[in-house]
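One line per chain: the protein sequences are E and L, in this order.
Residue 304 in this note's numbering sits at position 304 of the first sequence; the count goes up by one each step and never skips.
Residue 108 in this note's numbering sits at position 108 of the second sequence; the count goes up by one each step and never skips.
All C-beta atoms in this analysis are idealised placements derived from N, C-alpha and C, irrespective of residue type, glycine included.
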Amino acid sequence: MKKDLLKGVEAVAYGALEGGCECYFGYPITPQNEIPEIMAEELPKRGGVFLQAESETSAINMVLGASAVGKRAMTSSSSPGISLMSEGFSYLIALELPCVVVNVMRGGPGLGGIEASQGDYFQAVKAPGHGDGRFLVLAPSTCQEAYEMTAKAFALADRYRNPVMVLMDAVLGQMKELVRLKKLKVEYINKDDWALTGAKGRPSRIIKSLFLDSAELAARNLKLKEKYRKMEKEIRYEALIEEDDQVLLIAFGSMGRIAKESVLKLKAQGYHVGFFRPKTLFPFPLRALNQIVQRNSKFRGIFVVELNCGQMVEDVKLSLCSQKVEVISQFYPPSILPYPEDLVKGVKKWLKKVYFFSPKV
Amino acid sequence: MAKEGLFLFPKSLKKTLFHYCPGCHHGIVHRLLCEVIDELNLREKTIGIASIGCACFLYNYIDVDIVEAPHGRSCSAGTGIKRARPDLIVFTYQGDGDFAAIGLGDSLHAASRGERLTVIMINNTVYGMTGGQSSPTTLLGQRTTTAPRGRDPKVMGYPLLVAEILANFPGVAYCARVAVNSPARVLEAKKAIRKAFLAQLEDKGFGYVEVLSACPINWKLDPVSAAKQIDKLCETFPLGVFKEDW
């Protein structure tokens, strides 16, 4: 098996090639330019298509075209570019066209900066475009995961005929780790029953999203909603939980690494602290989290640590609305990256406040 | 001999009634498009792109595989299709608002790249579906719902001459402006549409046909006067072939 020291974004590109990507369309933006650069080099060699578009709006609609004729298509960008693609996202969802979108988030709003941020959580998870549409959202935390999740994203997109977003940030995108470029079992799904290939030997097909009849449009939305429910099968998370845990740290993506390290430090010091990291942000592991907290009556505080001003915390609160437990939003705006020690201090301080002493074993 | 009659119903045209307003030229252009698709035997390998506007309902009338694209993005969606499947024949059917306003960037870049696409651009100088607002091709002095005192170049600039712009692009193989308000012009229009498909079929480049088209309802004219008004449009938008690269 080939091993390589790769940046997160490079791992994404190799993951896409492994996952069967046939067409890439994109527009340059920092911090993800290695993805189009690798695709420009590699895709044509494999009989695929690489084209640099004149804008993100154009790129996402090229993806729409390639997807409509049954190809595995993708684009990648960073926050401002993703906003520009929003209209296209909504159409892709409505037309039930599969594709993979990689967002290597940077600080916002506006031009913001190029530091790491998780500020696009809401956009990715709640409303990638106008209307009532959702993406299946994967959040890698290591370069290895970036490789594997991107590869798997194509099959997931095809399975649900829906866009899949790989949501990561500049820290994960630009850091290097050893990645095992292992051969993955890639699922291919037959698209003969819907892809546009020319009406040869069959009636012509229409892929459209305009439904002026109100009953038809309502039915369409309910069909999509049912699809999102089915996606719950794809929910994945990482959990490090022990019976006596009193505090739970929840984080995703690059922040998941920092939070995990702080949990391990706290555990080593004898604190009962657990760790939970959603790998799918939509659908969110709502029930799993609820059950974990319900099973352990010792949980007093849930820390939601994010690189934004508090977004995922809302989903955590929804998951735990039936539980008597305090949810603390431990947020860091873009460009303020905490050390694990900062989180350790924060948890200890909170424990002292709640228990009036440090409840070490 | 009967099979080669002058007025057979095109195979690619669905046998249904058009929803278009009386005197609208979409129906004529749809028919010409279908005749050309039939004559070149392309029906089974053609993908059409329905744009935003009255002709979004293209798929109700033209019996080929069709995908809908967001407003202005047809040339980009077409690029995605053609790059992914160069063996398919791709046409877009867009209005002046779609192609020349919101989609001008997509349109010009696709033309500049020489995408093997066939574009039918229906220029009726207004946004028809939304009720007759100004478009980039609204004539000087023409009244619209958003130019109630007529188009004033000091405020709204000048009509955009898209065919003339595209003729300068090396990537464009065929570029013409036609009208369908007389039998002779209908025949010319059909020839142009055929050429715009041949540009793609023979791998020459981007094929573009702009059709000056009547919108009687929004022009506040009866169908006959609206057809006559096309002659007035020709003063600003001269008919002709602006580029034919082979």
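Between L:Ser213 and L:Ile122, which are expected to be in contact by the criterion C-beta below 8 Å, what is the C-beta distance as a whole number of angstroms? Locating residue 213 of chain L in the second sequence gives position 213, counting from the first residue. Locating residue 122 of chain L in the second sequence gives position 122, counting from the first residue. About 5 Å separates the Cβ atoms of L:Ser213 and L:Ile122, confirming a contact at the 8 Å cut-off.
Would you mind stating whether E:Val69 and L:Ile81 have Cβ atoms separated by less than 8 Å? Within the first sequence, numbered from 1, the residue matching residue 69 of chain E stands at position 69. Within the second sequence, numbered from 1, the residue matching residue 81 of chain L stands at position 81. Taking 8 Å as the Cβ cut-off, E:Val69 and L:Ile81 qualify as a contacting pair.
Could you tell me which chain E residues have their CB closer than 9 Å to the CB of L:Lys11, listed as they occur along the chain? Counted from its first residue, the second sequence places residue 11 of chain L at position 11. In chain E, no part has a C-beta under 9 Å from the C-beta of L:Lys11; the shortest such distance is about 11 Å.
Using a Cβ-Cβ distance cut-off of 8 Å, determine whether E:Gly88 contacts chain L. Position 88 of the first sequence, counted from the start, is the residue given in the question as residue 88 of chain E. A Cβ of chain L is located within less than 8 Å of the beta carbon of E:Gly88.
CB contact flag (L:Gln200, L:Thr118, <8 Å): The residue labelled residue 200 of chain L in the question sits at position 200 within the second sequence. The residue labelled residue 118 of chain L in the question sits at position 118 within the second sequence. Result yes, Cβ atoms of L:Gln200 and L:Thr118 sit closer than 8 Å.
Check each residue of the segment 54-68 of chain E: if its Cβ is closer than 9 Å to any Cβ of chain L, include it; give the result in chain order. Within the segment 54-68 of chain E, the residues whose Cβ lies closer than 9 Å to some Cβ of chain L are Glu54, Ser55, Thr57, Ser58, Ala59, Ile60, Asn61, Met62, Val63, Leu64, Gly65, Ala66, Ser67, Ala68, listed in chain order.
In the DSSP assignment, what residue or residues form a beta bridge with E:Pro163? Here residue 163 of chain E refers to the residue found at position 163 when the first sequence is read from its first residue. Beta-bridge analysis with DSSP links E:Pro163 to E:Cys99.
At the level of alpha carbons, what is the spacing between E:Ile250 and L:Asp65? Sequence index remark: in the first sequence, residue 250 of chain E carries index 250 (1-based). Sequence index remark: in the second sequence, residue 65 of chain L carries index 65 (1-based). The alpha-carbon atoms of E:Ile250 and L:Asp65 are separated by roughly 47 Å.
Spatial distance of E:Gln291 from E:Asn162 (CA atoms): Locating residue 291 of chain E in the first sequence gives position 291, where the first residue counts as 1. Locating residue 162 of chain E in the first sequence gives position 162, where the first residue counts as 1. Approximately 29 Å between the Cα atoms of the pair.
Neighbour list for L:Thr46 in chain E, Cβ cutoff strictly below 7 Å: Taking the first residue of the second sequence as 1, we reach residue 46 of chain L at position 46. Per Cβ cutoff of 7 Å: Gly198.
Near-chain L residues of the segment 199-215 of chain E - C-beta to any C-beta below 9 Å: Answer in chain order: Ala199, Lys200, Gly201, Pro203, Ser204, Arg205, Ile206, Ile207, Lys208, Ser209, Leu210.
Could you tell me the boundaries of the beta strand (DSSP E) in which E:Val49 lies? Stepping through the first sequence from its first residue, residue 49 of chain E is reached at position 49. Looking at the DSSP string, the run of the beta strand (DSSP E) that includes E:Val49 is 49-52.
Under three-state DSSP, which class holds L:Val75? Taking the second sequence and counting its residues from 1, the one referred to as residue 75 of chain L is at position 75. Inspection of the sequence shows that residue 75 of chain L is occupied by Cys rather than by Val. Residue state, collapsed to three classes: helix.
Span of the alpha helix (DSSP H), counted from its first residue to its last, around E:Arg205: Against the first sequence, residue 205 of chain E aligns to sequence position 205. Premise fails: E:Arg205 is in no alpha helix (DSSP H) and is neither H nor E.
List the DSSP bridge partners of E:Glu326. Start at 1 with the first residue of the first sequence, and residue 326 of chain E comes out as number 326. Paired residues: E:Gly301.
Given that a residue counts as buried once 16 or more other Cβ atoms are within 10 Å of its Cβ, and exposed if not, what is E:Cys309? As a first step, residue 309 of chain E is located in the first sequence; it is residue number 309 there, counting from the start. Taking every protein chain shown into account, the CB of E:Cys309 has fewer than 16 other CB atoms within 10 angstroms, so this residue is exposed.
Residue of L:Pro223, L:Arg31, L:Ala55 minimising C-alpha distance to L:Gly253: Beyond the ends of chain L as shown, which are 1 and 246, falls residue 253 of chain L; an answer cannot be given.
Within 10 Å of its beta-carbon, does L:Phe242 have 16 or more other beta-carbons around it, so buried, or fewer, so exposed? As a first step, residue 242 of chain L is located in the second sequence; it is residue number 242 there, counting from the start. Label assigned to L:Phe242: buried.
For L:Ile49, which three-state DSSP category applies? The residue labelled residue 49 of chain L in the question sits at position 49 within the second sequence. In this structure, L:Ile49 counts as strand in the three-state DSSP scheme.
If the criterion is Cβ atoms closer than 8 Å, does the pair E:Gly107 and E:Gly119 meet it? Within the first sequence, residue 107 of chain E is the residue found at index 107, counting from 1. Within the first sequence, residue 119 of chain E is the residue found at index 119, counting from 1. Cβ distance < 8 Å, so E:Gly107 and E:Gly119 count as in contact.
Say yes only if the C-beta of E:Leu156 is nearer than 7 Å to one or more non-hydrogen atoms of the ligand HEM, and no if none qualify. Summarising the ligand content, the structure contains no ligands, and the ligand HEM is consequently not present.
Using DSSP with H/G/I as helix, E/B as strand and the rest coil, what is L:Gly207? Residue mapping note: residue 207 of chain L aligns to position 207 of the second sequence, counting from 1. Assigned with DSSP and collapsed to three states, L:Gly207 falls in strand.
For chain E, find out if any of its Cβ atoms is closer than 8 Å to the Cβ of L:Thr130; answer yes or no. Position 130 of the second sequence, counted from the first residue, corresponds to residue 130 of chain L. Judged by the 8 Å Cβ criterion, L:Thr130 is not in contact with chain E.
Exposure label - E:Leu178; buried when at least 16 CB within 10 Å: In the first sequence, residue 178 of chain E corresponds to position 178, counting from 1. With fewer than 16 Cβ atoms within 10 Å of its Cβ, E:Leu178 is classed as exposed.
If you scan the segment 204-256 of chain E from start to end, which runs of the alpha helix (DSSP H) of 4 or more residues do you find wholly inside it? Those alpha helix (DSSP H) runs which fall completely within the segment 204-256 of chain E and span 4+ residues are 214-230.
With a Cβ-Cβ cutoff of 8 Å, do E:Val283 and E:Tyr228 count as a contact? Residue mapping note: residue 283 of chain E aligns to position 283 of the first sequence, counting from 1. Residue mapping note: residue 228 of chain E aligns to position 228 of the first sequence, counting from 1. It is worth fixing the name first, because residue 283 of chain E is Pro in this sequence and not Val. E:Pro283 is a Cβ neighbour of E:Tyr228, given a cutoff of 8 Å.
Would E:Asp4 pass as an interface residue toward chain L - the criterion being a Cβ-Cβ separation below 8 Å? In the first sequence, counting from the first residue as 1, residue 4 of chain E sits at position 4. Answer no: the Cβ-Cβ gap between E:Asp4 and chain L never drops below 8 Å.
L:Met121 in three-state terms, based on DSSP: Residue mapping note: residue 121 of chain L aligns to position 121 of the second sequence, counting from 1. Looking at L:Met121 - three-state DSSP - the assignment turns out to be strand.
Please look up how many angstroms separate the CB atoms of E:Phe303 and E:Leu248, rounded, as I've assumed it's under 8 Å. As a working mapping, residue 303 of chain E is identified with position 303 in the first sequence. As a working mapping, residue 248 of chain E is identified with position 248 in the first sequence. Beta-carbon to beta-carbon, E:Phe303 and E:Leu248 are separated by about 7 Å, close enough to satisfy the 8 Å threshold.
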